[in-house]
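Undergrad: For any residue, its number in my numbering is found by taking its place in the sequence shown, counting from 1, and adding 617. Note that the Cβ used here is the ideal one computed from N, Cα and C, for glycine as well.
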Amino acid sequence: MVLKIGKIRRKTNYSASNLPPGPWKLPFIGNLHQLIGSLPHHGLRDLAKKYGPLMHLKLGEVSTVVVSSAEFAKEVMKTHDLIFASRPPILAAKILSYGCTNIGFAPYGEYWRQLRKICTLELLSTKRVQSFRPIREEEVVNLIQWIASRAGSPINLTQEIYSSTYSVTSRVAFGKKTRDQEKFIYVVKEAVKTLSGFALADVFPSVSLLQLLSGMRPKLERLHKEADRIMENIIKDIKGICGLEFSLTTDNIKAVIFDMFSAGSETSATAVDWAITEMIKTPRVTPPAPLLLPRECGEKCGIDGYEIPVKSKVIVNAWAIGRDPNYWNEPERFNPDRFLDSSIDYKGTHFEYIPFGAGRRICPGISYGLANVELPLALLLYHFDWKLPNGMKHEDLDMTEAFGIAVRRKQDLHLIPISYHPPPTEKS
618 MVLKIGKIRR KTNYSASNLP PGPWKLPFIG NLHQLIGSLP HHGLRDLAKK
668 YGPLMHLKLG EVSTVVVSSA EFAKEVMKTH DLIFASRPPI LAAKILSYGC
718 TNIGFAPYGE YWRQLRKICT LELLSTKRVQ SFRPIREEEV VNLIQWIASR
768 AGSPINLTQE IYSSTYSVTS RVAFGKKTRD QEKFIYVVKE AVKTLSGFAL
818 ADVFPSVSLL QLLSGMRPKL ERLHKEADRI MENIIKDIKG ICGLEFSLTT
868 DNIKAVIFDM FSAGSETSAT AVDWAITEMI KTPRVTPPAP LLLPRECGEK
918 CGIDGYEIPV KSKVIVNAWA IGRDPNYWNE PERFNPDRFL DSSIDYKGTH
968 FEYIPFGAGR RICPGISYGL ANVELPLALL LYHFDWKLPN GMKHEDLDMT
1018 EAFGIAVRRK QDLHLIPISY HPPPTEKS
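#1: Assuming A844 and F875 form a contact by the criterion Cβ under 8 Å, report the distance between their Cβ atoms to the nearest whole angstrom.
#2: Kindly identify the DSSP beta-bridge partner or partners of N934.
#3: Kindly indicate which three-state DSSP category H1038 falls into: helix, strand or coil?
#4: Grab the span of the alpha helix (DSSP H) containing Y944 for me, first residue to last.
#5: Enumerate in chain order the residues of its own chain whose CB-to-CB distance from H1038 is below 8 Å, with the five nearest sequence positions on each side excluded.
#6: Exposed or buried, which one is T1017 when buried takes at least 16 other CB atoms within 10 Å?
#7: Does the distance from the C-beta atom of V684 to that of V1024 stay below 9 Å?
#8: What's the C-alpha gap between W891 and L994?
#9: Please report the residue range of the alpha helix (DSSP H) in which T743 lies.
#10: Taking 8 Å as the threshold, find out whether the region 833-843 comes into contact with the region 695-711 through three or more Cβ pairs.
#11: Could you check the C-alpha separation between G857 and T866 for me, to the nearest Å?
#12: Considering Cα atoms alone, identify which of K642, H658, L636 and V990 is closest to R940.
#13: Output the distance between the C-alpha atoms of A687 and I961, rounded to the nearest integer angstrom.
#14: Could you name the residues of the same chain whose beta carbon sits closer than 7 Å to that of H650, not counting the 5 residues immediately before and after it, in chain order?
#15: Starting from W729, trace the beta strand (DSSP E) in both directions and tell me its first and last residue.
#16: For chain C, find out if any of its Cβ atoms is closer than 9 Å to the Cβ of K695; answer yes or no.
#17: Start and end of the alpha helix (DSSP H) containing G986?
#18: Considering only the alpha carbon of each residue, which of I1035, W945, G976 and G922 lies closest to P637?
#19: First and last residue of the beta strand (DSSP E) that includes E924?
#20: Roughly how many angstroms separate the alpha carbons of G647 and R662, rounded to a whole number?
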């Protein structure tokens, strides 16, 4: 271990003369100590306030560049998009997505381009998403009816939202609900916590012993084994894919399916859950994915006169950009009206608001994700008024976040639904 640490120190002793500004790095751990005690997107935003929107950190042995402004996000995801088109190695992605063969973490290249083409033209096109409308409507109506049958009594709304959203994706992906749905929801929930790239195994990737000592590898292998078992039972019904320019193995298909659940269902359900919570408490907006999936610098690159080291991990803090007072009036206030007369969209062309990312690696499931948010949210708000249980006051509602690639609420949302019956409209 001591020899390994010595090698790490020599390997990461690069010239700091032309790097972006950043805090002083301690031996071995670099800047890890400055993120202890805070959620990464909060801690990175606080450091960026001091060192600037283009900041260099050393997280363990990993050279890391943090982007916290729309201008520099545009540099990474548009001006130099090709250079930053690949992902850095993340242990959880390697194990859970069958060697990084899913759309989210596959290296940029021919395989990724073909996979994205299949997803955007066949699986997640606007036309295809519209064809899933009857499934969405049926599942959401089932949810509304279930809640109505329990009107006046406390329910775990978070649990029901996730179950309904996963039911939609299950039927879309497999043509039916899976009998192991609740187990699969748990597996994806745990997996999402590990994919952020801040685990010890990811900040010290060359110290393989840490993967075992931290318990990360055994945990990931257990999750992968369980997810693989569930998908294997279902995928036996799939009889092959025809007309592709290259072949997809069974593991490739499983990787894409796992992607749909982790990136589609998890983020959609999280968005609905937060939206209801914010409307109960109304303090601020919380995006489901505060840090975009990290990118990797593929070759020497300069941004704003600074050198971005090759193989550096690049993190775009979309959460911080969405709270930047340079772009947003009263950014911490929950105010959906700000978008009513705004030309800013969410499709990666306005870098002050990038919930789906931008450039080549923009999320291919925008239409699918929005459809899974809009319908349940609208019907939950239309059919019910919502009260906190046990005399709880709005200001007492726990807004603590649980960090991962999607930031869930740490505590499930328990509310009392009150059926709402709109007054009849007068006939003219």
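TA: On the basis of the coordinates in this document:
#1: As a position in the sequence shown, residue 844 is number 227, starting the count at 1. As a position in the sequence shown, residue 875 is number 258, starting the count at 1. Right, the Cβ-Cβ distance comes to about 6 Å (below 8 Å), so this counts as a contact.
#2: Walking along the sequence shown from the start, residue 934 turns up at place 317. Residue pairing by DSSP puts N934 in a beta bridge opposite L908.
#3: Working through the sequence shown from its first residue, we reach residue 1038 at position 421. In the structure shown, H1038 falls within a coil segment according to DSSP collapsed to helix, strand and coil.
#4: Your numbering for residue 944 matches position 327 in the sequence shown. Careful: Y944 lies outside any alpha helix (DSSP H) and carries neither H nor E.
#5: If you number the sequence shown from 1, residue 1038 lands on position 421. Here the set comprises nothing.
#6: Taking the sequence shown and counting its residues from 1, the one referred to as residue 1017 is at position 400. Exposed.
#7: In the sequence shown, the residue the question calls residue 684 occupies position 67. In the sequence shown, the residue the question calls residue 1024 occupies position 407. 9 Å or more divides the Cβ of V684 from the Cβ of V1024.
#8: By 1-based counting over the sequence shown, the position of residue 891 is 274. By 1-based counting over the sequence shown, the position of residue 994 is 377. Rounded to whole angstroms, the gap between the alpha carbons of W891 and L994 is 10 Å.
#9: Locating residue 743 in the sequence shown gives position 126, where the first residue counts as 1. T743 -> alpha helix (DSSP H) spans T743 to S748.
#10: yes
#11: By one-based count along the sequence shown, residue 857 stands at place 240. By one-based count along the sequence shown, residue 866 stands at place 249. Residue placement at G857 is flagged as unreliable, the pLDDT there being 49, under the threshold of 50; the coordinate-derived value follows with that caveat. Straight-line Cα distance between these residues: approximately 9 Å.
#12: Position 323 of the sequence shown, counted from the first residue, corresponds to residue 940. Out of K642, H658, L636 and V990, H658 has the C-alpha closest to the C-alpha of R940.
#13: Numbered from its first residue, the sequence shown carries residue 687 at position 70. Numbered from its first residue, the sequence shown carries residue 961 at position 344. If you take the alpha carbons of A687 and I961, they lie about 12 Å apart.
#14: Along the sequence shown, one-based indexing puts residue 650 at 33. So the list reads L643, once near-sequence residues are dropped.
#15: Your numbering for residue 729 matches position 112 in the sequence shown. Element bounds for W729: not the beta strand (DSSP E) but the alpha helix (DSSP H), E727 to I735.
#16: The structure shown has no chain C; it contains just one protein chain.
#17: Here the question's residue 986 lines up with position 369 in the sequence shown. From DSSP, the alpha helix (DSSP H) with G986 extends over I983 to H1000.
#18: By one-based count along the sequence shown, residue 637 stands at place 20. Measuring from the Cα of P637, the nearest candidate turns out to be G922.
#19: Residue 924 sits at position 307 when you count from the first residue of the sequence shown. Taken as a continuous stretch (DSSP letters only), the beta strand (DSSP E) holding E924 covers Y923 to I925.
#20: Walking along the sequence shown from the start, residue 647 turns up at place 30. Walking along the sequence shown from the start, residue 662 turns up at place 45. Rounded to the nearest angstrom, the two C-alpha atoms are 18 Å apart.
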